[in-house]
Amino acid sequence: MDLNVLLSALLLLVPVSLVRVVRADLNYAVPEQTKRQYVIGNIAKDLGLDAKGLSHRKARIDTEDSSKRFCDVDLTTGNLIVTETIDREEICGPRTSCSLKYELVLQNPLEVHRISLEIQDINDNSPQFPKERISFEIRESADKGERFPLDEAHDLDTGRNAVQGYTLQKNENFILSVHENADGGKYAELVLDKELDREQQTDIELVLTATDGGHPQRSGTALVHVTVLDANDNIPVFTQPVYRVSLAENTPLGTEVITVSATDADEGANGDVTYELSRVTEKAAKLFSIDKASGKISVRGDIDYEEETYYELKVQAKDGPGLASTVKIIIDITDVNDNAPKIILKSLNDPVPEDTAVGAEVAIINVQDKDSGENRQIHCSFQNNVPFKLNSSVKNYFSLVTTNALDREREADYNITITATDGGSPPLSSSMTIHLSVSDVNDNPPVFDEQSYSAYVAENNKAGTSICSVTARDPDWRQNGTVLYSLLPSEVNGVPVSSFLSINADTGVIHAVRSFDYEQFRSLKVQVVSRDNGSPPLSSNATVSVFITDENDNSPQILYPAPEGKSLMTEMVPKAALSGSLVSKVIAVDADSGQNAWLSYRIVKSTDPGLFSMGVHSGEIRVQRDISESDSMKQNLVISVRDNGQPPLSATCSVYLLISDNLAEVPELKDMTYEEKSSKLTSYLIIALVSVSTFFLTFIILILAVRFCRRRKPRLLFDGAVAIPSAYLPPNYAEVEGAGTLRSSYNYDAYLTTGSHTSDFKFIRSYNDSTLPAGGTLKMSQNDPFGASMIALNTAGDDDEIMCSKN
Ligand SMILES: *[C@@H]1O[C@H](CO)[C@@H](O)[C@H](O)[C@H]1NC(C)=O
Ligand SMILES: *[C@@H]1O[C@H](CO)[C@@H](O)[C@H](O)[C@H]1NC(C)=O
Ligand SMILES: *[C@@H]1O[C@H](CO)[C@@H](O)[C@H](O)[C@H]1NC(C)=O
């Protein structure tokens, strides 16, 4: 209650009866929003009137300005009651004091009392913001402490019931600062307590609450919406701190290596990232390019692992305003087997001597491959038909060594093709041919075509005639294979062989130094030496047998009867000699041999042709018919002995025959003989003749006796050898026993005679039983009585022909 009201009440209380027409002021207070019939106060009592008196006096309430009354007086009780809901805010608005003025009018007597009704505020309104949503745009770069005033909230109530404070939804960035303005209203500001980050939160919505001080308290809210505006506060960020990628060499141009990507949290131009290579070597710049927009790195040059095994690039990512960051890109280049192995000949012993020891090093080879890993594992091989192998001593070094002895004469040079293959897939390989020649060593002696040669030369050859030629071959090189021939010194019959034969040192042709005489020796043997020109020289030898072939150069020699004039030879022929009986025998020899010594006998002249006949080959003179008395006592025969040579040679002799039984007739012989040259010789000859004749006669008697005894039994064997004393053989008659191809042709038949044609028998002997001992010594055949006999020799070939034949 107001003080004024109290005073008025006191004034009213004291002289109530005094105030009749005087207007008394009644002051009442009522809270707003009370129910109807709410008793504000008792007017009757306050005026000191009886309640009946009021109705009696027709008490009524009037308003000064005839606006709404809101209250009335209850005439029965005298109470002032609320008749209509009172809203202070409707009546008074924002005014702090609100009162209604009434007048109480009484009649009989008229009395007017002023009534002042104060309307008391109650908290019936909530604070209210002008807008439900308060929007701000704040740049994220805003500093801490920056303030942003918020709209003030209003409460229709007054006093304590008006807005008393604000609260803000709890958040990270903002706090609230509340202030009082000049008219006592409260307002708030947003204060930035922590910097904003658009990239973290683009929009912030906060509930702002305004509260009043009533009971119960009322509040109102608004939504504060903060849009955070971007600032270029972010640098581009790569998705990886380092990029690492493998790239095979020889990758085709344009191939993508990797795509780098950086993101910028900023917006718009602030977040637009472009890429470029930064800080790259010149070499890498030629090989790689980057797409400005996409960050794709691609190959633009030839990548070679052998040049560089890895590259390091720096890529810069830059946003619109220019904030940049860089990232490292490591590109590991992987090897591709694109390099064939290389073979390098480090050393070569060329030529290699053929006597090189097995296992000796001939060449050193180095193999290389620029690739790596498996791709540089090199395997070396070469054709295996050569006597070499590769030894791997040190890594990637190979030594070529011999596996077998070399022989220049068999293989003088080698082409060794070495193939190196790497371990890549597919493998690459390369090859190299080493030409290796083998140099000569004098390791081959000359070798004669034949180990022994036979040559035939006709006797009486001219000095200097070539007899034959020998050939020795030496496969060595040049002087090591140059053959020189010589004769090994030896002696033939005490004479150095060099006086018989000579050899051409270069050609191997053997010449006769002198003319040979078959009758002197028939063959000679000589050792021929061939020697090469190496140092030391090597040599070998062969035997050359020279056979001298016979020529008909000797006339038959008549041994019996003695040549004319030398002796007196007269045969006695008994008168009773029958036809066919042997009278005498001409004995001749020929120093030649074979056909040349095959003698035939003919009577060329005779005193009485037809009386005697001649054995063509036996030389036997036989009586052809029975001797008659009319036949001349002295018979003279001229006999020709001819050999079978070409041309034949012949000799003649005379045989004197005396047909007589009486030796007394012998003196007559003197007449028929030729003049004696020496009486002494003659007497010797006579003795010889007589003894031979006696011998013959004895022989004939013996034969006759045998015939007589054995009637038809054929003749006795006649050993012609007995008849020919060895002393008659010519002193130079020699027989060289030969060997060789002539063996068969030297077989001869010796016909020895007895008393008749039919009693001939064959006696065969062969030369091949004996050979001339080494050294070719000639022997006199002293003990061979058949040597002087007829020899049928089938010589073949031309005497002058050079002939060396295989033995
Ligand atoms: C080696 O090669 C050379 C040249 O190609 C050739 O003249 C020679 O005959 C070859 N030698 C062998 C043994 O193949
Ligand atoms: C001959 O052989 C010797 C070794 O015996 C050798 O030194 C020489 O070089 C060879 N001569 C030729 C021409 O090959
Ligand atoms: C001849 O050669 C043989 C072997 O071929 C040898 O035994 C002999 O001693 C050599 N003779 C001479 C004189 O050199």
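Letter 705 of the sequence shown, counting from 1, is numbered 712 in our numbering, and no numbers are missing.
A virtual CB, placed ideally from N, CA and C, is assigned to each residue, including glycine.
Given the structure is predicted, the values throughout are model-derived calculations rather than measurements.
Buried or exposed: E627, going by 16 or more other Cβ atoms within 10 Å of its Cβ?
That one is buried.
Using only alpha-carbon positions, find the residue among A324, Y317, T288, L175 that is nearest to T246.
T246 has its Cα closest to that of A324, out of A324, Y317, T288, L175.
Where T216 and K321 are concerned, what is the direct C-alpha to C-alpha distance, given to the nearest angstrom?
About 55 Å.
Taking Cβ to Cβ, would you say L157 is nearer than 8 Å to E196?
Against a cut-off of 8 Å, the Cβ pair of E196 and L157 comes out as a contact.
Between which two residues does the alpha helix (DSSP H) carrying L61 extend?
Its alpha helix (DSSP H) spans residues 58–63.
Near V37, what residues of its chain come up, given a Cβ to Cβ distance below 8 Å and the 5 sequence neighbours on each side ignored?
So the list reads Y45, I47, C78, V89, I93, L124, E125, I126, Q127, once near-sequence residues are dropped.
Find out if the Cβ-Cβ distance for the pair D162, D131 is shorter than 8 Å.
The answer is no: Cβ separation not under 8 Å.
The beta strand (DSSP E) with E578 in it runs from where to where?
Element bounds for E578: 577–580.
Between Q176 and the rest of its own chain, which residues show a CB-CB distance below 7 Å, the 5 nearest in sequence each way excluded?
Excluding sequence neighbours, Q176 sits near L213, V214.
Do N451 and P482 have their C-beta atoms within less than 8 Å of each other?
Contact: yes.
Are the region 280–288 and the region 369–376 in contact at 8 Å, needing three or more beta carbon pairs?
No: fewer than three Cβ pairs fall under 8 Å.
Use the C-beta contact count for A51: other C-beta atoms within 10 angstroms, 16 or more gives buried, fewer gives exposed.
Buried is the call here.
Leaving out five residues before and five after Q171 in sequence, what residues of the same chain have Cβ atoms less than 8 Å from its Cβ?
Around Q171: K193, T218, D219, G220.
May I ask whether a heavy atom of ligand 1 can be found less than 7 Å away from the beta carbon of N868?
Residue 868 lies beyond the stretch modelled for the chain, which goes from 8 to 814, so this question has no answer here.
Taking G60 as the reference, which of F523, L117, T614, T409 has the closest Cα?
Among F523, L117, T614, T409, the Cα nearest to that of G60 is on L117.
For Y567, I'd like the list of residues in its chain whose CB is within less than 6 Å of its CB, leaving aside the five on either flank, ordered along the chain.
The answer, listed in chain order, is I594.
First and last residue of the beta strand (DSSP E) that includes R146?
Segment 140–146, the beta strand (DSSP E) holding R146.
Verify whether the separation of the beta carbon atoms of K532 and S562 is less than 8 Å.
In this structure, S562 does not lie closer than 8 Å to K532 by Cβ.
For the beta strand (DSSP E) holding C78, just list the boundary residues, first then last.
Element bounds for C78: 78–81.
Which same chain residues end up closer than 8 Å to T341 when comparing Cβ atoms and leaving out the 5 residues on each side of it in sequence?
These residues qualify, in order along the chain: S253, L254, A255, E256, Y312.
In whole angstroms, give me the CA-to-CA distance for L665 and L606.
Cα to Cα, the separation comes out at about 26 Å.
In terms of residue numbering, what span does the beta strand (DSSP E) encompassing L664 cover?
Unbroken beta strand (DSSP E) run through L664: 657–666.
Whose CA, out of R121, V244, D633, D597, lies closest to the CA of E526?
Ranking the options by Cα distance to E526, first place goes to D597.
Helix, strand or coil: how does DSSP classify Q602 here?
Residue state, collapsed to three classes: helix.
How many angstroms separate the CA atom of V743 from the CA atom of V699?
Caution applies to V743, whose pLDDT of 36 falls short of 50 and renders its modelled position unreliable; the value that the coordinates give is listed next. Approximately 32 Å, taken between the alpha carbons.
With a CB to CB cut of under 7 Å and the five nearest residues on each side skipped, what residues in its chain are close to D204?
Result list for D204: E147, in chain order.
My understanding is that V233 touches F136, with C-beta atoms under 8 Å, so please give their C-beta distance in whole angstroms.
So it is not a contact: roughly 16 Å between Cβ atoms.
With a 10 Å radius around its C-beta and 16 neighbouring C-beta atoms as the bar for buried, classify L376 as buried or exposed.
For the record, residue 376 in the displayed sequence is Asp; it is not Leu. When all chains shown are included, D376 counts as buried.
Measuring only the C-alpha atoms, how far is D429 from Y318?
So the alpha carbons of these two residues sit roughly 26 Å apart.
Let me check understanding here. Comparing Cα to Cα, which of I565, S635, M579 lies closest to Y608?
It is I565.
Would you check if there are 3 or more beta carbon pairs closer than 8 Å linking the region 379–394 to the region 416–434?
At 8 Å Cβ cutoff, the stretches touch.
Going by other Cβ atoms of all chains shown within 10 Å of its Cβ, with 16 needed for buried, is P348 buried or exposed?
Buried, since its Cβ has 16 or more Cβ neighbours within 10 Å.
Using only alpha-carbon positions, find the residue among H120, V536, P101 that is nearest to A66.
Checking every option, the nearest Cα to that of A66 belongs to H120.
Closest by CA to Y404, which one among R480, S637, L352?
Checking every option, the nearest Cα to that of Y404 belongs to L352.
Return yes when at least one heavy atom of ligand 1 lies under 7 Å from the C-beta of H442, else no.
Flag set: Cβ of H442 near ligand 1.
Measure the C-alpha to C-alpha separation of S639 and S600 and round it to an integer number of angstroms.
S639 and S600: Cα-Cα distance of roughly 40 Å.
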